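Structure first, then comments.
Numbering (the numbering used here), first residue to last: 925 to 1408.
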């Protein structure tokens, strides 16, 4: 939350000051509005891309989602406060009134969510009428949104608060299941409406200006976001990937831009240029996110960056004996990595963990497990881990791209090392096996085997028979994937 607030505040301040200094806006109020528009990133595009790439549960994925959620929450406050900037003569009074209205409205909505809405929804659920349930949810959302409009606040803020209120009731999961089809439909309509706002003639006529704005915005946002994430204790690579993933202009910026246009803060020509710039940043975001790990990897290999990172990370690592050998290196100390480390220690093997998450590092410190802070797919980190003297390497990273990079580097440093790799999909098993991994394990498949075995034993089958069945299925499964 602190990082998100810093990112929004710094972006608004920098954009307001720079745009006013260079004459892009006529006053600071316009600059603040422009900064608010540019401070938001796209939850829809980033989440979809992370999901498709299987990176939602990675460190950088969780960071991006946390920042995006905070931005979405900040949107409601922006929609309440920013329109008050249209009254420069009584700015303090207007802001106070707008903020007061927003606080009273949110407090009233939360009170309704605690006392009134649960009672109402319980009565509706008791009717066992799914159509009535859906209509009630829709009526609540629309009613709260219209109420905010009557109070002089943004209708978008009302809809947002209504959603937050309903999310706190006991029937929120059922409500979400009912509105998901509507959400997807309206999301499609929303992006379609954005496409209708884009004027192709304006884009082609000002292609140089728009491309310049796209570069300026995406580079500028990355420069603002990167140091914030890095200073919160995350690795250089994580900060780079996260900042590149959040450097677009968000879909909700269209809402703020429309408000600014209606209030006269943005002239039509600038509004159309802003729409075109936003649309392009949204379109190229998946491409940037695809190449972000490679960009981060190349940056870490730059000589002066590499030396700086080595000095910085060395202070955060438990000092390792220079003669360390015959140890097991575990890359990633998440749920899978923790189990592996425990198993190795219980059998008396020396273990070295590699992690880039501050939360995981805290756990390693508490357990007094030797670790190296850094990205496991960085060659410098692997050299510090004395991988060429290790007995085995367990790759338990949640990120498929980092897993492949690490496997390639590990085989380069120690070609005969025993390497066991975690995979999430059948396709990954095939890729990692062909790259040279000795064993590839798919946690979801192993969990299915364990669950199936437990059920068979509950049904009366002997442990020996169940073990034989499980081993046969496991062998045939991985063998068939390797053959394919």
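Cβ atoms here follow ideal geometry from the backbone N, Cα and C, with glycine treated the same way.
On a predicted model such as this, the values are computed, not experimentally measured, just so you know.
Annotation: residue 1109 to residue 1008 spans about 33 Å, alpha carbon to alpha carbon. Under the 10 Å beta carbon count, residue 1263 is surrounded by fewer than 16 other beta carbons and is classified as exposed.
In the displayed model, residue 1038 falls within a helix according to three-state DSSP. The three-state secondary structure of residue 997, taken from DSSP, is helix. Beta bridge pairing from DSSP links residue 1255 with 1278, 1319. When secondary structure is reduced to three states using DSSP, residue 1156 falls in the coil class, being assigned neither helix nor strand.
Boundaries of the beta strand (DSSP E) around residue 1296: 1295-1297. Rounded to the nearest whole angstrom, the C-alpha separation of residue 1285 and residue 1185 is 48 Å. Around residue 1317, the same chain offers 1253, 1334, 1341, 1343 as residues with beta carbons nearer than 6 Å, after the five sequence neighbours per side are excluded.
Under the rule that a run must span 4 or more residues, the alpha helix (DSSP H) segments found entirely inside the stretch 952-1006 read 952-963, 967-976, 983-1005. The beta carbon of residue 1045 sits closer than 6 Å to those of 1093, 1095, all from its chain and outside the five residues before and after it, given in chain order. With distances taken between CA atoms, residue 1274 lies nearest to 1313 out of 1069, 967, 1299, 1313. Residue 994 and residue 1259 have their C-alpha atoms roughly 26 Å apart. The Cβ atoms of residue 1304 and residue 1295 do not sit closer than 8 Å to each other. If only uninterrupted alpha helix (DSSP H) runs of at least 4 residues are considered, those enclosed by the stretch 1319-1388 are 1324-1337, 1350-1359, 1367-1382. Selection 1365, 1360, 1307 evaluated against residue 1321 yields 1365 as nearest (Cα-Cα). A distance below 7 Å between beta-carbons, with the five flanking residues on each side excluded, links residue 1111 to the following residues of its chain, in chain order: 968. CA-to-CA, the gap between residue 1311 and residue 1235 works out to about 20 Å. Taking residue 945 as the centre and dropping the five residues before and after it, the same chain places no C-beta closer than 8 Å to its C-beta. The criterion of a C-beta distance shorter than 8 Å is satisfied by residue 1168 and residue 1212.
Using a Cβ-Cβ distance cut-off of 8 Å, the stretch 1042-1059 and the stretch 1214-1231 are not in contact, since fewer than three pairs of beta carbons, one from each stretch, lie closer than that value.
Of 1302, 1173, 1375, 1049, the smallest CA-CA separation from residue 1231 is found for 1302. Here residue 1152 has 927, 930, 931, 934 as same chain residues with Cβ atoms under 8 Å from its own Cβ, once five neighbours each way along the sequence are excluded. Note that the C-beta distance between residue 999 and residue 964 is below 8 Å.
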